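A.B. asks:
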Amino acid sequence: MEPSPGSGSSPGPSRVDQPYPPSEPPDQPPAAHAKPEQSSGDQPAGPGAAGEALAVLSSFGRRLLVLVPVYLAGAMGLSVGFVLFGLALYLGWRRVREEKERSLRVARQLLDDEERLTAKTLYMSHRELPAWVSFPDVEKAEWLNKMVAQVWPFLGQYMEKLLAETVAPAVRGSNPHLQTFTFTRVELGEKPLRILGVKVHTGQSKKQILLDLNISYVGDVQIDVEVKKYFCKAGVKGMQLHGILRVILEPLMGDLPIVGAVSMFFIRRPTLDINWTGMTNLLDIPGLSSLSDTMIMDSIAAFLVLPNRLLVPLVPDLQDVAQLRSPLPRGIVRIHLLAARGLSSKDKYVKGLIEGKSDPYALVRVGTQAFCSRVINEELNPQWGETYEVMVHEVPGQEIEVEVFDKDPDKDDFLGRMKLDVGKVLQAGVMDEWFPLQGGQGQVHLRLEWLSLLPDVEKLEQILQWNRGVSSRPEPPSAAILVVYLDRAQDLPLKKGNKEPNPMVQLSTQDVTQESKAVYSSNCPVWEQAFRFFLQDPRSQDLDVQVKDDSRALTLGALTLPLARLLTAPELTLDQWFQLSSSGPNSRLYMKLVMRLLYLDTSEVRFPAMPGTPGAWDLDESPRAGSSVDVPPRPCHTTPDSSFGTENVLRIHVLEAQDLIAKDRFLGGLVKGKSDPYVKLKLAGRSFRSRVVREDLNPRWNEVFEVIVTSIPGQELEVEVFDKDLDKDDFLGRCKVNLTTVLNSGFLDEWLTLEDVPSGRLHMRLERLTPRPTAAELEEVNSLIQTQKSADLAAALLSVYLERAEDLPLRKGTKPPSPYATLAVGDTSHKTKTLPQTATPVWNESASFLIRKPNTEILELQVRGEGTGTLGSLSLPLSELLAADRLCLDRWFTLSNSQGQVLLRAQLGILVSQHSGVEAHSHSHSSSSLSELELWSGLPQVTSSAPELRQRLTHSDSSPEAPAGPLGQLKLTVWYHSEERKLVALIHGCRALRQNGRDPPDPYVSLLLLPDKNRGTKRKTSQKKRTLNPEFNERFEWELPLDEALRRRLDVSVKSSSSFMSRERDLLGKVQLDLAEIDLSQGAAQWYDLMEDKDKDKGSS
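Here it is as structure tokens:
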């Protein structure tokens, strides 16, 4: 007998399906639920009382169970914070679970009541809409929903068989830990998938039927899995999936079943919501919930969201299955993100009282392809001038979406979005418009170009010529696309022990690498995947194919294919087996390679030049009417990408080390010696090495190295310390420095702990130098760095962009050469790539050089032909750059010894140190010269002017000639940092200290701000062992206002340890400074005579 709708046995989620309360079902009168009167008052309660008692006990037990974690935390001695953290985690998990369940219930109720709600909205009676009612674009398909509901139970049986017989064995074979993996329950539930509407696209290809299905699945699906070995159970109970599924029926044939195959895919990512059970309940923890849904959505997108699709062949031996599974794109859209205007202001200051501007950037999306522009700070009318290229697979359907945001440290503010169907770009060919932003204010300026795909190689030279005149960043414009259909491989070599490999394929062209899936346990794998690449010049690019085991450690075969082969193939297509090298004798790979040229077929195409951006050009003449690539303009200036000229110089100061481990041993290890340390540096592909300091565990190097760096995130400076030996150098430790902090702040001065050794630390200073395009500061830089022993420091950075050459001499009068170019400054040179057989090469390469003497050095350029010698040369004195506007020359230069010309951009940037005190003694091997000036880097006033700095340096250098007092002298700098509201003291060192006993003292310096004598104002340097001339170079700070600092006295005491066991300290001398009598704005270093303490001769630390 079926339970009534109000029965308590029905599952919880299904209760919401009932339109009436459970207490009053529609088919029973209220009296039916009245409790019958008992015939006898003394009749026992029966099973009802026992059930009620059991319910009370169960409720009490659950509440008691909640206290178990609290008891365990107390028993284990854990903090209350652990209990509170667990409670917060549980409440967050419960909140997410309840939201998901509520969402599922509401969605199910909405679908169940869809007919009633639709009829009510249309002011019709509560009956089903007639079949002849239709909507303008989308048609109802209730007949299709009824068919799906009829088929749904049988589809569930098929899914159960598929998971049990196909998926489960594959999971068990993929990992030895999953050998007991099974599906314990597979139920699709009673709620079938619903199709809310169907749109048929007419007017498309005659050989296909195109349908868009708006699907909505709010199901009570339940799938449980178990790994018996680990007693692990997990599963899914209920899910939602909403999206537009495109179904293509093609090819249409003249024989049954009329349709050859069915292709299905989502045009855009569908929305997904999953209700987990078992162990996967942990995925509902806040933070993990969105992450898990995103990962699953990425997996679905990997095979069912454009450009991926699911193909179901309906006839055997269907031709061009690969073409149907991964068809060529319909075209390419080149998106020029030019500018925006009238954006809303989102930045607020002083709690909203002062309105600022915005820091806008744009996100550009077409399907799964997404791009992010650079951020323009403090601008409501930003100029981006960036270009992106996207592949379009379905027209109509795909949309160009641009979203503009305001960059903030926490959460970026939304400024507006625009959407445009790609079909409108296809119809117009070129669109150059201001589009209004929805959801905000302002407009965005886009130039959209539709590039057709041509198999005509004769257009290649014209396209390349046109692209050379196109301003495009961050990437140069593409001339073609390459589609690789990776089918299968045969007879791949086995792994060790004759084990079957798990092969996967890496395909690379230029700097782009894509990977296939891994096929497990097979030396004849079948992939059936497609890969797509943009090509800038197919004549000079190669396709590199590596077949590897899925661990990436074992290479099973390799193939390098020059893409120039495709240019001579019919229809620019190769469909064949390829023999693998470094593999077995019969190992081969079957691929189909298709190339298509990108052709912009419109007249009088002119790209708007962005003011002030590199890459803007002047046109010598207007293009003639006709195809846009027929008459490419000759540019007057170069078009480097946005990264050109953005390099910085990193100046690395290797100062000293302490407490290094001793590696030298004598007499067979009986006598322990010291070490002979030196430092190795590795950064940006370059390596440096310091000098060796003999027999010292606390060495001082004081050396400076310079390297050109870019702003690429994730760069690290690798530092290793070694002990120099006759045979193999011993390892003394290593450390790494992330350059992100240095590149952002500009300066870093730290003691770095050496890793992988018991002890040791290294003192380094890193400084970022940003080139400045002004010659006014060159004299100041020269006066600071052109001193004795500092010839290796750079004064400027030269950046050269060599774009192209024209009219190069021909070989033997008729054949074009194969040219390359070399750029050299002094002993540093750069060689470009070699371009085959052309008198008009386009290199588009850049190089940077460190310049020590800009007034005298020369940039030498030579254009040479492979096997033909020099084709022309150019000598450009850098003094011409110093006289040019913004130290930059960007034009055509005539080559000597020929009629050829080169188009290049040379720009000079002066390197001005923001911490000039370290400039005076670079690469000096004397320990005193640099150490006395190291701490000038902290003074904010040093950067104000070079004459002021030179005056201070003269004062510092002249003062050592003054005779020291009887107790010695202390070198000290005191100044007030007004921006940070801090009093700063630099303890440089002492000299000629008094020796009280037989051994030299172990001095250190103690500082105290009087009249306070508490520990809050006390500072103390490190201790130096057995020396009368210690060097500290340590900095100390006190946070206090300037007026209070002027009322203080700084008490500086030089002390030494009295004995090993005693806490007493010998006072070697002291200095007391009245800060009101010192010019705290100058911060000059001075030597002070140490005096006796009038009260005590001894102090405590």
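In this note's numbering, the protein residues as written are 312 to 1412.
Each residue gets a CB set at the ideal place from its N, CA and C atoms; glycine is no exception.
All of these numbers come straight from a predicted model, not from anything done at the bench.
#1: Considering residue 801, what are the terminal residues of the beta strand (DSSP E) in which it resides?
#2: Residue 1398: buried (16+ other C-beta within 10 angstroms of its C-beta) or exposed?
#3: Which residues mark the beginning and the end of the alpha helix (DSSP H) in which residue 577 is found?
#4: What would DSSP say about residue 1207, mapped onto helix, strand or coil?
#5: Specify the secondary structure class of residue 1357 as computed by DSSP and reduced to three states.
#6: Which one of 1109, 714, 1174 and 1223 has the shortest CA to CA distance from residue 1207?
#7: Could you tell me the alpha carbon to alpha carbon distance between residue 1214 and residue 773, rounded to whole angstroms?
#8: Which whole runs of the alpha helix (DSSP H) in the region 663-731 are 4 residues long or more, in chain order?
#9: Just to confirm the assignment: which complete alpha helix (DSSP H) runs, minimum length 4, are found wholly within the region 990-1078?
#10: I'd like to know if the region 550-559 and the region 516-530 are in contact, where contact means that at least 3 CB-CB pairs between them fall below 8 Å.
#11: For residue 1057, which option in 970, 971, 963 and 1300 has the closest C-alpha, if you only look at C-alpha atoms?
#12: Looking at the structure shown, is residue 1292 part of a helix, part of a strand, or coil, going by DSSP?
#13: Looking at residue 782 and residue 957, is the spacing between their C-beta atoms short of 8 Å?
#14: Using only the alpha-carbon positions, how far apart do residue 1072 and residue 1157 sit?
#15: Taking residue 1192 and residue 1198 to be in contact with their CB atoms under 8 Å, please state how far apart those CB atoms are, rounded to whole angstroms.
#16: For residue 396, name the three-state secondary structure that DSSP assigns.
#17: Would you kindly report the start and end of the unbroken alpha helix (DSSP H) that includes residue 735?
#18: What is the DSSP secondary structure of residue 456, counted as helix, strand or coil?
#19: In terms of residues, what are the limits of the alpha helix (DSSP H) holding residue 779?
#20: With 16 as the cutoff for other CB atoms within 10 Å, does residue 435 come out buried or exposed?
#21: Give me whichever residues DSSP pairs with residue 745 in a beta bridge.
#22: Does the contact criterion of 3 or more C-beta pairs under 8 Å hold for the region 880-898 versus the region 674-688?
#23: Evaluate the contact criterion for the region 1135-1151 versus the region 836-843: three or more CB pairs, one atom per stretch, below 8 Å.
#24: Counting pairs of beta carbons, one from the region 708-717 and one from the region 849-859, are three or more of them closer than 8 Å?
#25: Is it true that the CB of residue 671 sits closer than 8 Å to the CB of residue 693?
#26: Based on Cα-Cα distance, which residue from 1176, 1154, 495 and 1161 lies nearest to residue 544?
#27: If residue 1300 and residue 1343 are in contact, beta carbons under 8 Å, what's the gap, nearest whole angstrom?
#28: Where does the unbroken alpha helix (DSSP H) through residue 292 begin, and where does it stop?
#29: Tell me where the beta strand (DSSP E) around residue 378 begins and ends.
#30: Assess, as a yes-or-no matter, whether the region 964-976 is touched by the region 1074-1081 under the definition of 3 or more beta carbon pairs within less than 8 Å.
#31: Where does residue 1049 land, buried or exposed, given buried means 16+ other C-beta within 10 angstroms?
#32: Alpha carbon to alpha carbon, what distance is there between residue 461 and residue 572?
#33: Between the alpha carbons of residue 620 and residue 508, how many angstroms are there, rounded?
#34: Three or more C-beta pairs closer than 8 Å, one from the region 1329-1349 and one from the region 1289-1298: is that the case here?
#35: Assuming residue 1187 and residue 1150 make a contact with CB atoms under 8 Å, what is their CB distance in whole Å?
#36: Residue 1384 and residue 1401 - do their beta-carbons sit closer together than 8 Å?
C.D. replies: Short version:
#1: Where residue 801 is concerned, the enclosing beta strand (DSSP E) stretches over 791-801.
#2: buried
#3: First-last for residue 577: 572-577, but that is the beta strand (DSSP E), not the alpha helix (DSSP H).
#4: Correct three-state label for residue 1207: strand.
#5: coil
#6: 1174
#7: 20 Å
#8: Those alpha helix (DSSP H) runs which fall completely within the region 663-731 and span 4+ residues do not exist here.
#9: Listed in chain order, the alpha helix (DSSP H) runs fully inside the region 990-1078 are 1050-1056, counting runs of at least 4 residues.
#10: yes
#11: 963
#12: coil
#13: no
#14: 39 Å
#15: 5 Å
#16: helix
#17: 733-739
#18: Of the three classes helix, strand and coil, the one that applies to residue 456 here is helix, per DSSP.
#19: Per DSSP, residue 779 belongs to the alpha helix (DSSP H) from 771-779.
#20: Its pLDDT being 43, under 50, residue 435 is placed unreliably in this model, and the value from its coordinates should be taken loosely. Answer is exposed; the Cβ neighbour count stays below 16.
#21: 756
#22: no
#23: Not touching, per the Cβ criterion.
#24: Verdict: no, contact absent.
#25: yes
#26: 495
#27: 6 Å
#28: Because the chain spans 312 through 1412 in this model, residue 292 falls outside it and cannot be assessed.
#29: Segment: none, residue 378 is in no beta strand (DSSP E) and carries neither H nor E.
#30: A contact exists between the region 1074-1081 and the region 964-976.
#31: Exposed is the label assigned to residue 1049, since fewer than 16 other Cβ atoms lie within 10 Å of its Cβ.
#32: 24 Å
#33: 21 Å
#34: yes
#35: In fact, because the Cβ distance is near 23 Å, the residues do not count as touching under 8 Å.
#36: no
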